[in-house]
Amino acid sequence: MGVSSWNPLRSRDGRQSKLPLYENLNTPSKERDSNDSYSDSDDDDYSITSSSPGTNNSRVTSASITTATPIMPKRSFMVSGRPRQPIAYRLPNKVIRYLCFGLTSFIILMILTLIRASHNENKALAEGRIDRPPSAPPAWESYPFLTRYYGGIRNLVPFSKNVPEYPRLQGEPRVDKLSYVNGSNWKPDVEERNLPASKEYIKYPQSVFQNAPEQFQECFLDKANKVRVPPIRYYEGRPNGFPEAILGSYELLGLPEDICFERYGRYGPYGFGYSVRSGGLGTGEHGEKEGFEATWEKVPQVDWKGMDWADVQRRCYRSNAARYKEQPPRHPAPHGFYVNEAAAAPMKIQARDTLPEEPPKSSAKEPGKEKNPAPASEEDSVGKKLPRTAVVIRCWDEYLWKEEDIMNIRSLISELVLASGGRYDVHLLVQVKNDAAHPIWADAATYQRRIEETIPEEFRGLVTFWTETQMLSLYQGIFDLFARGPDLPVHGVYRGLQMAMQHFAYLHPEYDYFWQWEMDIRYIGHYYDLFTKIENWAKEQPRKGLWERNGRFYLPSVHGTWEDFKQMARVQSEMGTTGADNIWDGLPGADKQSQASGRGDKPIWGPERPKDPKDWFEPEDDPVPETTYEKDRYVWGVGEEAEYITFNPMFDPEGTTWGLADDITGYNTTEGMPPRRAQIITASRMSRRLLMKMHRETAFLKHHAFPEMWPGTVALQHGYKAVFVPHPLYVDREWPPEIFARTLNNGRNGATGGSRTSVFGQREHNLIGLTWFYNSGFAPNLYRRWLGLKVNNDGGEEFEMTTDESKNGTSVNEMRGGEGRMCLPPVLLHPVKDVDLPVEANPEDTLDIPESDPGA
Numbered sequence: 009m010g011v012s013s014w015n016p017l018r019s020r021d022g023r024q025s026k027l028p029l030y031e032n033l034n035t036p037s038k039e040r041d042s043n044d045s046y047s048d049s050d051d052d053d054y055s056i057t058s059s060s061p062g063t064n065n066s067r068v069t070s071a072s073i074t075t076a077t078p079i080m081p082k083r084s085f086m087v088s089g090r091p092r093q094p095i096a097y098r099l100p101n102k103v104i105r106y107l108c109f110g111l112t113s114f115i116i117l118m119i120l121t122l123i124r125a126s127h128n129e130n131k132a133l134a135e136g137r138i139d140r141p142p143s144a145p146p147a148w149e150s151y152p153f154l155t156r157y158y159g160g161i162r163n164l165v166p167f168s169k170n171v172p173e174y175p176r177l178q179g180e181p182r183v184d185k186l187s188y189v190n191g192s193n194w195k196p197d198v199e200e201r202n203l204p205a206s207k208e209y210i211k212y213p214q215s216v217f218q219n220a221p222e223q224f225q226e227c228f229l230d231k232a233n234k235v236r237v238p239p240i241r242y243y244e245g246r247p248n249g250f251p252e253a254i255l256g257s258y259e260l261l262g263l264p265e266d267i268c269f270e271r272y273g274r275y276g277p278y279g280f281g282y283s284v285r286s287g288g289l290g291t292g293e294h295g296e297k298e299g300f301e302a303t304w305e306k307v308p309q310v311d312w313k314g315m316d317w318a319d320v321q322r323r324c325y326r327s328n329a330a331r332y333k334e335q336p337p338r339h340p341a342p343h344g345f346y347v348n349e350a351a352a353a354p355m356k357i358q359a360r361d362t363l364p365e366e367p368p369k370s371s372a373k374e375p376g377k378e379k380n381p382a383p384a385s386e387e388d389s390v391g392k393k394l395p396r397t398a399v400v401i402r403c404w405d406e407y408l409w410k411e412e413d414i415m416n417i418r419s420l421i422s423e424l425v426l427a428s429g430g431r432y433d434v435h436l437l438v439q440v441k442n443d444a445a446h447p448i449w450a451d452a453a454t455y456q457r458r459i460e461e462t463i464p465e466e467f468r469g470l471v472t473f474w475t476e477t478q479m480l481s482l483y484q485g486i487f488d489l490f491a492r493g494p495d496l497p498v499h500g501v502y503r504g505l506q507m508a509m510q511h512f513a514y515l516h517p518e519y520d521y522f523w524q525w526e527m528d529i530r531y532i533g534h535y536y537d538l539f540t541k542i543e544n545w546a547k548e549q550p551r552k553g554l555w556e557r558n559g560r561f562y563l564p565s566v567h568g569t570w571e572d573f574k575q576m577a578r579v580q581s582e583m584g585t586t587g588a589d590n591i592w593d594g595l596p597g598a599d600k601q602s603q604a605s606g607r608g609d610k611p612i613w614g615p616e617r618p619k620d621p622k623d624w625f626e627p628e629d630d631p632v633p634e635t636t637y638e639k640d641r642y643v644w645g646v647g648e649e650a651e652y653i654t655f656n657p658m659f660d661p662e663g664t665t666w667g668l669a670d671d672i673t674g675y676n677t678t679e680g681m682p683p684r685r686a687q688i689i690t691a692s693r694m695s696r697r698l699l700m701k702m703h704r705e706t707a708f709l710k711h712h713a714f715p716e717m718w719p720g721t722v723a724l725q726h727g728y729k730a731v732f733v734p735h736p737l738y739v740d741r742e743w744p745p746e747i748f749a750r751t752l753n754n755g756r757n758g759a760t761g762g763s764r765t766s767v768f769g770q771r772e773h774n775l776i777g778l779t780w781f782y783n784s785g786f787a788p789n790l791y792r793r794w795l796g797l798k799v800n801n802d803g804g805e806e807f808e809m810t811t812d813e814s815k816n817g818t819s820v821n822e823m824r825g826g827e828g829r830m831c832l833p834p835v836l837l838h839p840v841k842d843v844d845l846p847v848e849a850n851p852e853d854t855l856d857i858p859e860s861d862p863g864a
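The sequence shown: position 11 = 19 (this note's numbering), numbered continuously.
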């Protein structure tokens with residue numbers, strides 16, 4: 009009846025007996041309802057006695073079953089109830105609502121906070137305000153410093169007997185650095201300190217003055233043709249243990265490597281070492297000076313007061329004008345009508361500098377121009393008339409001139425202009441930074457006054473001013489990418505430097521070539537010897553494989569001879585190499601685009617055009633290869649003057665981490681960036697044809713790029729001959745040569761660029777220890793030590809003159825000294841800034857105090 013229950017204390021019979029019901033029992037509802045709940049008393053289970061009828065009792069009849077009243081009373085079944093679970097306390101709904109609202113609000117607040125933090129971090133990262141934890145130092149910082157750069161003229165050895173401290177190939181035993189000091193490997197100690205005699209460089213057998221002497225009228229400093237510049241002097245040999253150049257080659261370029269220069273032999277002719285009263289600079293008069301008088305043993309000291317270098321250059325050119333091409337007329341400037349002016353000839357622009365009236369869209373030839381004109385050279389010019397070259401030194405009007413700057417510019421003019429018979433001219437291209445305060449274009453007197461206020465008197469006639477607003481007016485319509493932010497516009501000195509050079513070349517049609525030079529470049533050697541040998545070497549380079557060689561550093565200790573290097577560059581370019589950008593090629597899931605490009609590179613043979621033909625500018629004037637790449641036997645280009653000469657590799661910025669790789673504007677980039685090349689440091693030689701092409705393309709097609717990328721890009725796209733010159737470079741630490749080679753040429757297919765692993769970009773710190781790089785730390789330190797100054801408390805007068813036997817010579821600060829003035833082989837150094845030399849007081853600034861009269 010209802011729910012069956014189980015009780016272990018109940019009898020078997022009671023559990024098994026059932027009352028068969030054949031009709032509904034008329035039991036009260038109250039009794040029926042009571043079956044749903046049972047008594048908790050255990051006695052109820054035994055309310056049925058043994059006499060109670062059951063199903064197994066024979067006395068129970070069927071009649072009794074049919075009665076309305078049951079025969080046996082209904083038994084109440086007792087089922088033990090399940091234990092009730094205690095009911096937990098339930099929070100009120102109001103509290104639950106508050107908790108849910110609070111939790112939701114907290115989650116939303118956290119999401120908004122994270123969004124805000126992410127935005128602030130991205131903004132700070134873009135602005136460079138992230139304080140990053142210090143990263144692990146680069147590997148090169150663990151390499152020890154080289155010491156034998158700081159040896160002196162009292163410890164010179166012949167170049168053939170010198171055992172260089174570096175580079176040491178793998179497996180070679182390390183050399184005891186003290187052996188370089190005591191001279192046990194080459195001379196007895198008694199002869200070690202003898203000072204050798206210096207010699208005039210113009211008589212050096214391997215100099216350009218002896219190998220290829222020229223006939224011209226000698227140039228003098230004064231109008232009476234009596235004052236000569238004393239020749240610079242050199243010492244034979246090198247300081248014992250002096251390292252070899254890790255990059256570039258003396259032998260390849262014909263530069264002297266078996267001699268060295270100390271400071272008096274190099275700068276003594278230009279005022280270094282004697283007083284202001286005597287016409288000198290008033291510096292270099294103290295310290296280790298033994299033997300410095302030899303500089304003036306044949307030619308007396310020059311009184312440099314009142315020098316006018318513009319007049320000196322004009323007189324030198326006029327004395328030798330017959331050697332050079334006739335000067336074309338200047339470009340006349342439109343200036344309107346003047347009633348008192350003589351009838352002027354119609355304005356005609358020279359053929360080589362023709363400016364199209366509209367952006368060229370047709371291939372019509374300009375009058376007076378030949379198809380693929382060859383650059384000017386001595387052999388090709390009529391009557392073997394020589395081309396002339398301008399050396400343009402960039403500067404700004406607020407530049408602080410110091411004595412060291414003055415003697416450097418004097419050496420540059422004397423060794424290039426006077427020593428060449430007027431083949432070179434030196435100019436100062438000076439930026440006026442604030443032309444609002446100095447309106448030089450509005451008033452000629454203001455122009456001249458600004459020159460007098462900012463430029464030393466002897467150089468004032470060399471100055472050409474330019475301003476940012478001037479470039480903005482000349483080259484209007486250029487789309488500015490603001491690659492370095494709004495403070496560095498495309499027409500400014502940082503990103504628009506080449507614009508000033510382009511316009512300067514347009515104003516000076518008398519020059520065929522232009523060296524772009526900088527105030528912070530120094531050369532330990534003779535400038536004319538350097539420039540002549542570099543230009544001659546570049547002229548003899550074949551075009552085949554030229555761009556591939558241009559994109560690589562040359563390490564003779566690793567790459568072998570130049571011929572070995574040339575073939576290595578060819579094989580790497582044609583076959584390709586495994587690098588970080590293609591190491592996963594061929595594997596499932598690799599980038600299919602990189603696999604499609606292949607490992608080998610297509611050789612550059614002729615112009616590399618932009619993809620959009622609308623970006624082509626005057627293609628009919630570009631040189632065309634004489635034959636196919638495969639048939640050429642390294643003939644095309646030999647004897648052809650280089651249009652572009654650089655001192656660093658011309659690398660492909662595509663895919664690199666160089667921050668200015670995409671700073672190129674005016675091109676259609678929907679199908680990718682145009683072909684381009686870049687080289688760090690703008691110092692280079694550019695031909696007039698290249699600069700005029702850059703000038704016209706910027707003015708009419710609005711093409712432009714970062715100054716270190718624009719000349720190389722134009723040369724690449726127009727097929728001009730561009731040459732990287734592997735000049736000698738030194739490094740300050742003991743880099744393993746093989747590791748250094750892999751670090752520098754770590755781009756695509758063994759080149760320096762074209763890959764994210766390129767040394768140009770985030771890995772430029774590896775170049776800080778070289779003698780030639782834009783942020784080199786070694787070059788300025790080496791130069792200051794060479795001048796006799798202290799650097800990091802090392803060097804100076806005491807170091808040069810006194811030997812400290814307590815030091816072991818194993819590091820720079822442990823060198824014993826006493827070897828005399830430093831002596832360096834010919835080498836280019838950059839950057840050298842703010843060199844403060846001890847200078848005597850100017851006698852004009854001293855007060856004349858009258859003597860007192862004792863009898864007064």
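Glycine is no exception: its CB is placed at the ideal position from the N, C-alpha and C atoms.
query: Under a three-way DSSP split, which group does SER565 fall into?
result: helix
query: MET681 and PRO719: beta carbons closer than 9 Å?
result: no
message: Applying the 10 Å Cβ sphere with the 16-neighbour rule, what's the burial state of ILE240?
response: buried
message: Using DSSP's beta-bridge definition, name the partner residues of SER247.
response: It is worth fixing the name first, because residue 247 is Pro in this sequence and not Ser. Per DSSP, LEU164.
query: What's the gap between the Cα of GLY828 and the Cα of VAL183?
result: 23 Å
query: Is the CB-CB distance between ALA691 and HIS838 below 9 Å?
result: yes
field: Cβ neighbours of TYR432 in the same chain (closer than 6 Å, five flanking residues each side left out)
entry: THR397, VAL399, LEU424 and VAL425, listed in sequence order.
message: Counting C-beta neighbours from all protein chains within 10 Å, is the total for CYS831 16 or more, i.e. buried, or is it exposed?
response: buried
Own chain, CB closer than 7 Å to GLY674, minus 5 neighbours either side, in chain order: If the five residues before and after GLY674 are omitted, its C-beta is found closer than 7 Å to the C-beta atoms of ILE486, PHE487, LEU709, LYS710, HIS711 and HIS712, all from its own chain and listed in chain order.
message: Once DSSP output is grouped into helix, strand and coil, what is the label at TRP409?
response: coil
- prompt: Can you tell me where the alpha helix (DSSP H) with TYR258 in it begins and where it stops?
  reply: Element bounds for TYR258: 258 to 261.
- request: Report back the beta-carbon spacing between ARG684 and LEU724 to the nearest angstrom; my notes put them in contact at under 8 Å.
  value: 7 Å
- request: Using 10 angstroms around the beta-carbon of MET658, count the other beta-carbons present and answer buried if the total reaches 16, otherwise exposed.
  value: buried
message: Short of 6 Å in beta carbon distance, which residues of its chain neighbour TYR325, apart from the five on each side in sequence? Order them along the chain.
response: Take TYR325, set aside five residues on each side of it, and the residues of its chain with a beta-carbon closer than 6 Å to its own are GLY430, in chain order.
query: From LYS356 to GLU518, what distance separates their C-alpha atoms?
result: For LYS356, the predicted structure reports a pLDDT of 45, less than 50, and the residue's modelled location is therefore unreliable. The matter cannot be settled from this model.
message: Does the structure place the stretch 250 to 262 close enough to the stretch 169 to 182 that three or more beta carbon pairs sit under 8 Å?
response: Touching, yes.
query: Tell me which same chain residues have a C-beta within less than 8 Å of the C-beta of ARG607, skipping the five on either side of it?
result: MET583, GLY584, THR585, THR586, ASN590, ASP593 and ASN757
query: Taking the Cβ atom as the reference point for each residue, do TYR521 and PRO715 lie within a distance shorter than 9 Å?
result: no
query: Whole-angstrom Cβ separation of TYR791 and VAL840, contact assumed at under 8 Å?
result: Correct: roughly 5 Å between the Cβ atoms.
Span of the beta strand (DSSP E), counted from its first residue to its last, around ARG530: 530 to 532
task: Tell me, to the nearest whole angstrom, how far the beta carbon of TYR652 is from that of TYR728; I am working on the premise that it is less than 8 Å.
output: 6 Å
message: Tell me the residue span of the alpha helix (DSSP H) that contains ILE4.
response: Residue 4 lies beyond the stretch modelled for the chain, which goes from 9 to 864, so this question has no answer here.
task: Please say whether PRO744 and TYR562 have beta carbons closer to each other than 9 Å?
output: no
message: Taking only three categories from DSSP, how would you classify PHE525?
response: The question names Phe, but residue 525 is Trp in the sequence shown. Residue state, collapsed to three classes: strand.
query: Under three-state DSSP, which class holds MET658?
result: Coil at MET658, not helix or strand.
- prompt: Do LEU408 and ASP842 come within 9 Å of each other at the CB atom, strictly closer than that value?
  reply: ASP842 is a Cβ neighbour of LEU408, given a cutoff of 9 Å.
field: Inside the stretch 740 to 801 only - alpha helix (DSSP H) runs reaching at least 4 residues
entry: 745 to 752 and 786 to 794
- request: Would you identify the three-state DSSP class for TYR242, choosing helix, strand or coil?
  value: Under the three-state reduction of DSSP, TYR242 is assigned to strand.
task: Could you tell me how far apart the beta carbons of LEU1 and GLN510 are, in whole angstroms, since I believe they sit closer than 8 Å?
output: In the structure as shown, the chain starts at 9 and stops at 864, and residue 1 therefore has no counterpart that could be examined.
query: Where do the ends of the alpha helix (DSSP H) carrying SER581 lie?
result: 570 to 583
message: In whole angstroms, give me the CA-to-CA distance for LEU668 and ALA491.
response: 7 Å
field: 3-residue-minimum beta strand (DSSP E) runs that sit fully inside the stretch 266 to 304, ordered along the chain
entry: none
query: Per DSSP, what kind of secondary structure is THR690 in: helix, strand or coil?
result: coil
From MET717, ARG560, THR540 and GLU742, residue whose alpha carbon lies closest to that of ALA650: THR540
query: GLY647 and GLU548: beta carbons closer than 9 Å?
result: yes
- request: Within its chain, find whatever has a CB closer than 7 Å to the CB of GLY256; leave out the 5 residues flanking it on each side and keep chain order.
  value: TYR562, PRO734, HIS735, PRO736 and LEU737
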